[in-house]
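See below for the structure under consideration.
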Amino acid sequence: MPVIETYELRKEYDGLVALESLNLQVEKGEIFGLLGPNGAGKTTTLMTLTTLIKPTRGTASVNGFDIVKQPSQVRKSIGIVFQDPSSDDILTGYENLKLHGMLYSMPASLREERIREVLELVDLADRKDDMVKKYSGGMRRRLEIARGLMHRPKILFLDEPTLGLDPQSRENIWKYIEDLSRQGQMSIIITTHYMEEVDRLCSRLAIIDKGVVVAMDTPASLKKIIGGEVVVMKINNPDVEAVRELNFVKKIEIKNELVYLTVEDAGQNLQQILHVAGKVDSVEIHSPTLNDVFLHFTGREIRENSPEGGWGQRVMNLRSKK
Amino acid sequence: MGAKSNELKVKEMSELNGIAAIWYREIKVFLREKSRIVASIVNPILWLLIFGGGLGASISISGINYQTFIYPGILIQAVLFSSIFFGVYIVWDRKIDFLKEVLVAPISRTSIFIGKIIGGATDSLIQSLILLFIGLILGKLGVIPGLHLGFIEIVTSLVVLFFTTTSMVSIGLIIGSRMESPEGFQLITSFLLFPIFFLSGALFPINKLPVWLASLTFIDPLTYSVDGLRSVILGASQFNLALDLCVITGFSIVVIIIGTFAFEKMKV
Ligand SMILES: Nc1ncnc2c1ncn2[C@@H]1O[C@H](COP(=O)(O)OP(=O)(O)OP(=O)(O)O)[C@@H](O)[C@H]1O
Ligand SMILES: [Mg+2]
Chain S
1 MPVIETYELR
11 KEYDGLVALE
21 SLNLQVEKGE
31 IFGLLGPNGA
41 GKTTTLMTLT
51 TLIKPTRGTA
61 SVNGFDIVKQ
71 PSQVRKSIGI
81 VFQDPSSDDI
91 LTGYENLKLH
101 GMLYSMPASL
111 REERIREVLE
121 LVDLADRKDD
131 MVKKYSGGMR
141 RRLEIARGLM
151 HRPKILFLDE
161 PTLGLDPQSR
171 ENIWKYIEDL
181 SRQGQMSIII
191 TTHYMEEVDR
201 LCSRLAIIDK
211 GVVVAMDTPA
221 SLKKIIGGEV
231 VVMKINNPDV
241 EAVRELNFVK
251 KIEIKNELVY
261 LTVEDAGQNL
271 QQILHVAGKV
281 DSVEIHSPTL
291 NDVFLHFTGR
301 EIRENSPEGG
311 WGQRVMNLRS
321 KK
Chain P
1001 MGAKSNELKV
1011 KEMSELNGIA
1021 AIWYREIKVF
1031 LREKSRIVAS
1041 IVNPILWLLI
1051 FGGGLGASIS
1061 ISGINYQTFI
1071 YPGILIQAVL
1081 FSSIFFGVYI
1091 VWDRKIDFLK
1101 EVLVAPISRT
1111 SIFIGKIIGG
1121 ATDSLIQSLI
1131 LLFIGLILGK
1141 LGVIPGLHLG
1151 FIEIVTSLVV
1161 LFFTTTSMVS
1171 IGLIIGSRME
1181 SPEGFQLITS
1191 FLLFPIFFLS
1201 GALFPINKLP
1211 VWLASLTFID
1221 PLTYSVDGLR
1231 SVILGASQFN
1241 LALDLCVITG
1251 FSIVVIIIGT
1261 FAFEKMKV
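Line by line, the protein sequences are chains S and P.
Each residue of the first sequence is one higher than the one before, starting from 1 at the first, in our numbering.
Each residue of the second sequence is one higher than the one before, starting from 1001 at the first, in our numbering.
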């Protein structure tokens, strides 16, 4: 039985459809990725599954409990790291963690032990007695990840957990998530813009766009759908018709002066393509990535809007709001 | 049967832990905001010394010095303002998204509400205790003539103030639970605070009022707090102390019940 299953989950915000009849299943013990561009509905999905917002229609079961009828049972089974900062910045890092432990009824000794452990993990042990106000955006992010992991929930939701972190911290967090998952009992749902994150961590993923799941499978099988390697060429006046004639070219897409081809045995057939395509400025071959998969299903690139502005920017906005 | 009652105990324990968690946080925040504590002490003292002293120079009420007469009213005023104002913190929690962390935790909304009330009441009672000690000293020094605060007076005052602050904190939280911005909260509460305060008889005796005004004071729940505190501290009052206590505890229970519903409906 899946630990999470949604049934035509729908959420509207005053007429704006954020989620349209979402159907997905997450199996026990897996790390499941939700990949999609800004505004796809990733956060809305997580907020609904964690009972913070009510679906407009449809429902879901989380750890066997219905999110609409048994929200308190659901909350007992889960942990979440929110996309936006949600710690109290007038408290210290340690106090935020202690408060969390108390909210989740952790016995004092276990609580202190876990606090030490997670502070070590996110490398904040020496800053634990500073007010969160004095943390940098990345430090605050790390603190909140530590907090979400602290009570070892059955199901852990991570909303863009590593956005805005430096590569070193990101690597640490990834390792820890993998360890947690390997130990067995925890199921993890992670939303992200980062393809490498999905490739590295996720056993399965759903690609979502405009509130709809457009594909759901393992990263490898999704890439297989592409059916060849991807050749990207920069050409001034491409002879599209001539390229289309070639029978090993599966698909042609032109975007921003770049020609994207899906080609069987690209290494061997490249010569012939270059021969007919026109005057090529540059060419690149790669095996299919999740970005190509996203492009395949939606006709857009996932990175069209910069994802990097996210967390740090929001922290700044929040500060200036005060 | 055994397993069932065990489960129940676990559930109750986790609710209690949740209440303790909220309380812990409110106290930490309170103790960290020193300026808030100082302001909550200095303002009432200024009222007492300047307003009370100024009018007291020429007025006394049934033989009681005016400054002494309004001392209980000023205590109630201090508690009223800090208690209702406490509701703005829930608006803040929402604004800084900390509310999500609390709402997603495995505790009921009722426990969150109770934790907040205890937190707000603790703040107000610490403030009251300081003001009572200052009253004790000013009384001993003769600055406020005829004010004699002993152990009994202080303890019974705290009882009256406790029921007053719980109901006023609830009102603040109910308003805060519906508000998106601190400015909106301030606007609504200022409309509420002044009638509640001025009609309570904190600054004047209510036994010689014209009928229309008297009936307004009778429906102001704060009137009974002021009267109760006056009866406890000065031994002079309009109503029976038992009646005062009934009204303020009853009112407190009613608004707490309304508050739990408001929190149940509250959005992130
Ligand atoms: N509180 C809200 N009120 C109105 N509309 C909202 C609200 N929250 C989200 N939306 C809308 O719902 C849609 C989905 O938003 P959501 O935050 O779920 O996207 P996301 O996939 O998490 O995007 P991002 O990558 O930017 O975090 C967007 O169009 C957004 O504008
Ligand atoms: Mg999001």
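From the three backbone atoms N, C-alpha and C, an ideal C-beta is built for every residue, glycine too.
Query: 7 angstroms Cβ cutoff met for residue 1026 of chain P and residue 86 of chain S; Result: no
Query: Where residue 54 of chain S sits in the DSSP three-state scheme; Result: coil
Query: Residue 56 of chain S Cβ short of 6 angstroms to ligand 1 heavy atom set; Result: no
Query: Status (buried if at least 16 other CB within 10 Å, exposed otherwise) for residue 1190 of chain P; Result: exposed
Query: Collapsed DSSP secondary structure at residue 33 of chain S in the structure displayed; Result: strand
Query: Residue 1194 of chain P versus residue 1088 of chain P: straight-line alpha-carbon distance, rounded; Result: 17 angstroms
Query: Cβ-based burial, residue 151 of chain S [other Cβ within 10 Å; buried from 16]; Result: buried
Query: Environment of residue 1179 of chain P [buried if 16+ CB atoms lie within 10 Å]; Result: buried
Query: Beta strand (DSSP E) segment containing residue 157 of chain S, residue limits; Result: 155-159
Query: Residue 229 of chain S (DSSP reduced to helix, strand or coil); Result: strand
Query: Extent of the continuous alpha helix (DSSP H) to which residue 175 of chain S belongs; Result: 167-182
Query: Whole-angstrom distance between residue 97 of chain S and residue 115 of chain S, CA atom to CA atom; Result: 7 angstroms
Query: Residues passing the C-beta test against ligand 2 heavy atoms, cut-off 7 angstroms; Result: S/42, S/43, S/83, S/159, S/160, S/191
Query: Selection of the region 1103-1129 of chain P by Cβ proximity to chain S, strictly under 9 angstroms; Result: 1103, 1104, 1105, 1106, 1107, 1108
Query: Bounding residues of the alpha helix (DSSP H) (the contiguous stretch that carries residue 296 of chain S); Result: 290-298
Query: Residue 36 of chain S burial status per 10 Å Cβ neighbour count (16 or more: buried); Result: buried
Query: Cβ-heavy atom distance, residue 39 of chain S to ligand 1, below 6 angstroms; Result: yes
Query: Neighbouring residues, chain S, relative to residue 1028 of chain P (Cβ below 7 angstroms); Result: 91, 95
Query: Contact under 7 angstroms by Cβ, residue 1111 of chain P with residue 1176 of chain P; Result: no
Query: Assigned secondary structure, residue 135 of chain S (DSSP; H/G/I helix, E/B strand, else coil); Result: coil
Query: Own chain partners of residue 53 of chain S with C-beta closer than 8 angstroms, once the 5 adjacent residues on each side are dropped; Result: 11, 44, 47
Query: Beta-carbon proximity check, residue 1109 of chain P vs residue 1263 of chain P, cutoff 7 angstroms; Result: yes
Query: Neighbour list for residue 53 of chain S in chain P, Cβ cutoff strictly below 9 angstroms; Result: 1267, 1268
Query: Whole beta strand (DSSP E) elements within the region 188-267 of chain S, 3-residue minimum; Result: 204-209, 212-217, 229-235, 249-255, 258-263
Query: CB contact below 7 angstroms: residue 1100 of chain P versus chain S; Result: yes
Query: Straight-line gap, residue 1009 of chain P to residue 99 of chain S (C-alpha atoms, nearest Å); Result: 21 angstroms
Query: Limits of the beta strand (DSSP E) - the one that residue 281 of chain S falls within; Result: 280-286
Query: At least 3 beta-carbon pairs within less than 8 angstroms: the region 229-242 of chain S vs the region 264-277 of chain S; Result: yes
Query: Residue 1077 of chain P versus residue 1162 of chain P: straight-line alpha-carbon distance, rounded; Result: 13 angstroms
Query: Given 8 angstroms, three or more beta-carbon pairs between the region 1124-1132 of chain P and the region 1027-1046 of chain P; Result: yes
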